[in-house]
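In UniProt numbering, the protein residues as written are 1 to 161.
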């Protein structure tokens, strides 16, 4: 069991902020994900798992919708995150209704704050993200703004018909 979280209030843009590329690499390496853009953090799932990594047991990962593709599922994940923040005494307002829209700037600002929060609280313990998810595959959310239905499907095996 753990004490309360160390709070981080600095959100100033400083040299220690990682580029979007480095930030994605950190998220993907830490959680064994395949996100390709910051906007995909809008599902909230990665943050829930990071909280499990920092404070084991503070999040019921079974409640996290790792396959979330719809806004109401993203909102559900952020509610799980809010509950974990409350439990751990994290003093941070999560602008859920902004984050779930999948805009780059909102999501980038939040992950920058979260990385500082993570660094202030992580004790370096080993963590197996796949085991923690119990093999739940994490589908990165579809690119916000794209409609999945418009993607032309390549016909399979239609050669010679």
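Cβ coordinates follow ideal geometry from the N, Cα and C atoms, glycine included.
Would you mind working out which of 114, 76, 111, 54 sits nearest residue 129, comparing C-alpha positions?
54
I need the straight-line Cα distance from residue 151 to residue 62, nearest angstrom please.
Reliability fails at residue 151, whose pLDDT of 43 lies under 50, so the model's placement of it is uncertain and no value is given.
At the level of alpha carbons, what is the spacing between residue 70 and residue 113?
24 Å
I'd like to confirm something about residue 88: is its beta-carbon nearer than 6 Å to some heavy atom of the ligand MG, or not?
Although the ligand MG was asked about, the structure shown includes no ligands whatsoever.
I want to know whether the segment 75-93 touches the segment 44-51 - three or more CB-CB distances under 8 Å.
The segment 75-93 makes contact with the segment 44-51, as at least three CB pairs between them are under 8 Å.
For residue 8, which option in 97, 118, 133 has the closest C-alpha, if you only look at C-alpha atoms?
118
Using alpha carbons as the reference points, say which of 59, 21, 134 lies closest to residue 85.
When 59, 21, 134 are compared, the shortest CA-CA separation from residue 85 is found for 59.
Alpha helix (DSSP H) containing residue 28: first to last residue?
20-31
Over the uninterrupted alpha helix (DSSP H) stretch that includes residue 73, give me the two end residues.
71-88
How is residue 96 classed by DSSP in three states: helix, strand or coil?
helix
Excluding the five sequence neighbours on either side, which residues of its own chain have a C-beta within less than 6 Å of the C-beta of residue 41, listed in chain order?
Spatial neighbours of residue 41 in its own chain (CB-CB distance under 6 Å, excluding positions within 5 residues in sequence) are listed in chain order as 107, 111.
Using the Cα positions of residue 25 and residue 96, report the straight-line distance between them to the nearest angstrom.
24 Å
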